[in-house]
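Step one of this worksheet: look at the structure below.
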Amino acid sequence: MKLSVLQSRLMFAAGLIVLPTIARGETKSLAESVPPGAIAFGEIFGLKPVIQRIQDSEIRQQVLASPQYKAFEATPQHAKMQAGKTLIEGQIGMDLWTAGKQLLGGQVGVAVYPQPGRKQPNAVAIVRATEAGAIKKLYERLQPVLTLAGVASTETIGDVQVYALQGKLFVGVSDDWLAAASTKDLLTKTVGLLTKSDGNSLASASAYQSMTRQMGSEHLIRGFVNLDMIRQSSARLGIPKKSDNPIGSLLASGILELAVRSSFFGITLDVHDKGFALTAGIEGDTKELGQTYESFFSAATSDGAPRLPQVKDLMGGFSLHRNFADWYRHREDLIQDQVLPGFDKFESGLANIMPGKDFGTDVLPLFGSNISFLAAPQSYDHLDGKPGVQLPGFAMIIELADAGGYDIAQLFFQTLVTITNLEAGKQGRQPWVMSSETHDDTQIAYAKFLKKPKGDRLPIVFNFVPASARVGNKFVLTSSISLCRQIVDELKKPAVPEGRNRNLNLEVHFGPIADMLATNREFFAAREIQKGKSSEEVNSGIDFGLKLIRSLDSFRLSSSVNPKSFQAQLEGQWK
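If you count by the numbering used here, then the sequence shown holds residues 789 to 1363, one letter each, in order.
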């Protein structure tokens, strides 16, 4: 989607300003300097250190030294880009890295206002520097360009010089700040707040204050959307009452219903030396949503979704808290009518395995509210050799609410093995036979080959030998007996509370993923060479990709239930 002319001009105006670093405790939020009535507001506070880290980062150096970038340097597109860069740097009198650090070293704020009867909103942008005269100095450098663009001084508001661009963009320039607005009236109000430092502003709006209470004010970047204002034209924010996707409903129906009632949507970003945290939040007490939505949330005072078992070289996985039985019971209230026949078809198929049992009332209540999936490297003790493509082991951990849940889960496990055995001939392998072992007083049931398959490049299907076990109120189902043993060991350890609620927890660990990709390097290289690439090109590309992945540490996406809000957070760590 292309930016409108107005948006482009606002962004350009915001990009003209030198912004040295400001200490957070010395300056107020720019929300106190924009007029009330904004439907959305965003603020950046001091990105200079982040830009410096990017400039000095090893990842950037790796990209610049990569064969792919070297090839790009030889293209006409790169030549044009460099010419534009040289032109801009010559005009502003500094390189773009320096300009970027100065530009985002202080404060930048943008507020958007609805315009009755028109789709195009009004907007105001403010940039604030800490050195007196910094803005006027840069303006003098750019004055010839601005004159050519049709920017002309028209009048003053108090001591602030005002410039206009074809009557569509109005800019107020002071020694240490600049404000650009799409209307003169909006600029006049903004200048008044900037010069008087008091008066009615966005910061006094109840929805904005609620966001600040729930998400804090000390962040590198903050974003705010006034959902109360959006509801004036769209009662449910455009969110349908019922979902047309069962999986989507299971994951998000409760969260969306909470958003429908929230006064705000907020987002924050914080960056430190070795990582970042991006947080999104909405307002509301989940306990007030009623029985239909109780199944989606754990208690704010509980741990919620369990921590993933910390098996050796954990590659990733996720844990989810949902009361599946309650969600299934309320499916007619949550899912659109045309989708519901799919549930009937599912139950009919299930009746072939468990005749006389109703899935919703007899089966699901036997299971608890937590389920986990994970992936980790496995050993190949079940083979005299290894598969040509070595896959990780996968596992599912289901919480049991009743002893009968284990019998049902074990029945599914045995049925899975039986059905899979029927396909053994087509898969080019011998059938499995059921066996068991005792591991640290825990019985593990597993499938095994009558005779260990031999070979160094066995088909991919030989990665899997399903296994299951019960540890307390947990049922463990894995694709590898070695992984099953590890999970049993981890589940027997005392639980380590994290000290916060996680309604969902998804983790990715890049080191073990890079190791797995390196193990299968020959397979990936062969595929690329078959596409016509040279061996040297393919191997240099793989080397670069592995190096890039190994420079990352982990990602975690989680959500948490708080007494008066719901938040989701994406955290990233790098080396």
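Backbone N, C-alpha and C define an ideal beta-carbon position, used for all residues, glycine too.
Using CA coordinates, which residue listed in D1058, P1165, F1112 and F1053 is at the minimum distance from E1082?
On the sequence shown, residue 1082 is found 294 positions in, with the first residue counted as 1. Out of D1058, P1165, F1112 and F1053, F1112 has the C-alpha closest to the C-alpha of E1082.
For Y1194, the three-state DSSP class (helix, strand or coil):
The residue you call residue 1194 lines up with position 406 of the sequence shown. Y1194 falls in the helix class under three-state DSSP.
Can you tell me which of E1076, Q890 and R1258 puts its alpha carbon nearest to the alpha carbon of K1280?
Counting from 1 along the sequence shown, the entry for residue 1280 is found at position 492. It is R1258.
Exposed or buried, what is M999 when buried is set at 16 or more other beta-carbons lying within 10 Å of its beta-carbon?
Numbered from 1 along the sequence shown, position 211 holds the residue referred to as residue 999. With 16 or more other Cβ atoms within 10 Å, it is buried.
Report the three-state DSSP secondary structure of I1027 (helix, strand or coil).
As a first step, residue 1027 must be located in the sequence shown, where it is residue number 239. I1027 falls in the coil class under three-state DSSP.
Please work out which residues of its chain come closer than 8 Å, Cβ to Cβ, to V1276, disregarding the five sequence neighbours upstream and downstream, and give them in chain order.
On the sequence shown, position 488 is the one that residue 1276 refers to. Cβ within range, chain order: H1227, D1228, T1230, I1232, A1257, V1259 and V1264.
Return yes when the Cβ of G1287 is within less than 8 Å of the Cβ of R1338, no when it is not.
Position 550 of the sequence shown holds residue 1338. Position 499 of the sequence shown holds residue 1287. Not in contact: R1338 and G1287 (Cβ atoms no closer than 8 Å).
According to DSSP, S1223 sits in a beta bridge with which residue or residues?
Numbered from 1 along the sequence shown, position 435 holds the residue referred to as residue 1223. Residue pairing of S1223 in beta bridges, as defined by DSSP: Y1234.
Note the first and the last residue of the continuous alpha helix (DSSP H) segment covering G834.
As a first step, residue 834 is located in the sequence shown; it is residue number 46 there, counting from the start. Note, G834: premise wrong, no alpha helix (DSSP H); not H, not E.
What separation, rounded to the nearest whole angstrom, lies between the Cα atoms of A1189 and A1197?
Position 401 of the sequence shown, counted from the start, is the residue given in the question as residue 1189. Position 409 of the sequence shown, counted from the start, is the residue given in the question as residue 1197. Each residue's CA atom was taken as its position, placing A1189 and A1197 some 12 Å apart.
Per DSSP, cross-strand counterpart(s) of E1297
Locating residue 1297 in the sequence shown gives position 509, where the first residue counts as 1. The question names Glu, but residue 1297 is His in the sequence shown. Answer by DSSP bridge pairing, in chain order: S1342.
Cross-strand partners of T1307 (DSSP beta bridge)
In the sequence shown, the residue the question calls residue 1307 occupies position 519. Answer is none; T1307 lacks a bridge partner.
Measure the C-alpha to C-alpha separation of L1345 and G1360 and round it to an integer number of angstroms.
On the sequence shown, position 557 is the one that residue 1345 refers to. On the sequence shown, position 572 is the one that residue 1360 refers to. If you take the alpha carbons of L1345 and G1360, they lie about 9 Å apart.
Exposure label - G1156; buried when at least 16 CB within 10 Å:
In the sequence shown, the residue the question calls residue 1156 occupies position 368. Answer is buried; the Cβ neighbour count reaches 16.
Between which two residues does the alpha helix (DSSP H) harbouring I1185 extend?
Within the sequence shown, residue 1185 is the residue found at index 397, counting from 1. Where I1185 is concerned, there is no enclosing alpha helix (DSSP H), although the beta strand (DSSP E) it sits in stretches over G1181 to L1188.
Leaving aside the five residues before and after T1074 along the sequence, list all residues of the same chain whose C-beta is less than 7 Å from its C-beta, in chain order.
Mapped onto the sequence shown, residue 1074 falls at position 286. Taken in chain order, the residues that qualify are L1046, F1085, V1349 and F1354.
Just checking my contact of G894 with A859 at CB under 8 Å: how many whole Å lie between their CB atoms?
One-based indexing of the sequence shown puts residue 894 at position 106. One-based indexing of the sequence shown puts residue 859 at position 71. The Cβ separation is near 38 Å, so there is no contact.
Out of curiosity, what's the CA-to-CA distance linking S988 and L974?
As a working mapping, residue 988 is identified with position 200 in the sequence shown. As a working mapping, residue 974 is identified with position 186 in the sequence shown. Looking at the sequence shown, residue 988 is not Ser but Asn. So the two alpha carbons sit approximately 13 Å from each other.
Is DSSP giving I896 helix, strand or coil here?
Residue mapping note: residue 896 aligns to position 108 of the sequence shown, counting from 1. Looking at the sequence provided, one finds Val at residue 896 rather than Ile. The answer is strand: DSSP assigns V896 an E or B state.
Buried or exposed: where does N1033 fall if 16 or more other Cβ atoms within 10 Å of its Cβ makes it buried?
If you number the sequence shown from 1, residue 1033 lands on position 245. Counting C-beta atoms within 10 angstroms of its own C-beta, N1033 has fewer than 16 neighbours from the protein chains shown and is therefore classed as exposed.
Short of 7 Å in beta carbon distance, which residues of its chain neighbour R1049, apart from the five on each side in sequence? Order them along the chain.
Your numbering for residue 1049 matches position 261 in the sequence shown. For R1049, where only same-chain residues beyond five positions count, the Cβ hits under 7 Å are G1072.
Going by C-alpha distance, which of T1307, S1323 and A1306 is nearest A1314?
The residue you call residue 1314 lines up with position 526 of the sequence shown. Checked all of T1307, S1323 and A1306; the closest Cα to A1314 is S1323.
Cβ-Cβ distance between R1010 and T1056 below 8 Å:
For the purposes of this step, residue 1010 is taken as residue 222 along the sequence shown, with counting starting at 1. For the purposes of this step, residue 1056 is taken as residue 268 along the sequence shown, with counting starting at 1. Taking 8 Å as the Cβ cut-off, R1010 and T1056 qualify as a contacting pair.
Starting from A1129, trace the alpha helix (DSSP H) both ways and give me its first and last residue.
The residue given as residue 1129 occupies position 341 in the sequence shown. Before going on, a small fix: residue 1129 reads as Pro here, not Ala. Here the alpha helix (DSSP H) through P1129 covers P1129 to L1138.
Contact between the region 1134-1141 and the region 1212-1224: three or more CB pairs below 8 Å?
Under the Cβ criterion (8 Å, minimum of three pairs), the region 1134-1141 does not count as touching the region 1212-1224.
Determine the closest residue to L1358 out of A1065, L981 and K956, with distance taken between C-alpha atoms.
In the sequence shown, counting from the first residue as 1, residue 1358 sits at position 570. The residue with the shortest Cα to Cα distance from L1358 is A1065.
Using 8 Å as the threshold, is the C-beta distance between D1172 and P1241 below it?
Locating residue 1172 in the sequence shown gives position 384, where the first residue counts as 1. Locating residue 1241 in the sequence shown gives position 453, where the first residue counts as 1. It is a contact, given that the beta carbons lie within the stated cut-off.
Suppose contacts are defined by Cβ-Cβ distances below 8 Å. Is P855 in contact with G1320 by that definition?
Locating residue 855 in the sequence shown gives position 67, where the first residue counts as 1. Locating residue 1320 in the sequence shown gives position 532, where the first residue counts as 1. Their beta carbons are not under 8 Å apart, which means P855 does not touch G1320 by this criterion.
Could you give the distance in angstroms between the alpha-carbon of N1014 and the alpha-carbon of G830?
Residue 1014 sits at position 226 when you count from the first residue of the sequence shown. Residue 830 sits at position 42 when you count from the first residue of the sequence shown. Answer to the nearest angstrom: the Cα atoms are 12 Å apart.
Which word fits A871, buried or exposed, when buried means at least 16 other C-beta atoms lie within 10 angstroms of its C-beta?
The residue you call residue 871 lines up with position 83 of the sequence shown. It counts as exposed.
In the region 1002-1052, which residue ranges form an unbroken alpha helix (DSSP H) of at least 4 residues, counting only runs that do not cross its ends?
1015-1019 and 1034-1049
Could you tell me the distance, in whole angstroms, from the CA atom of K899 to the CA atom of A826?
Residue 899 sits at position 111 when you count from the first residue of the sequence shown. Residue 826 sits at position 38 when you count from the first residue of the sequence shown. Correcting the residue type first, residue 899 is Ala in the shown sequence and not Lys. When rounded, the distance between both Cα atoms is 6 Å.
Does DSSP classify A859 as helix, strand or coil?
Counting from one through the sequence shown, the residue named residue 859 turns up at place 71. Three-state result, A859: helix.
Looking only at C-alpha atoms, which of A1139, I1141 and M1184 sits nearest to G1104?
Residue numbering aside, residue 1104 sits at position 316 when the sequence shown is read from its first letter. It is M1184.
Give me, in chain order, the residues of the same chain whose beta-carbon lies closer than 6 Å to that of Q843; leave out the 5 immediate sequence neighbours on both sides.
Taking the sequence shown and counting its residues from 1, the one referred to as residue 843 is at position 55. Answer for Q843: W885, listed in chain order.
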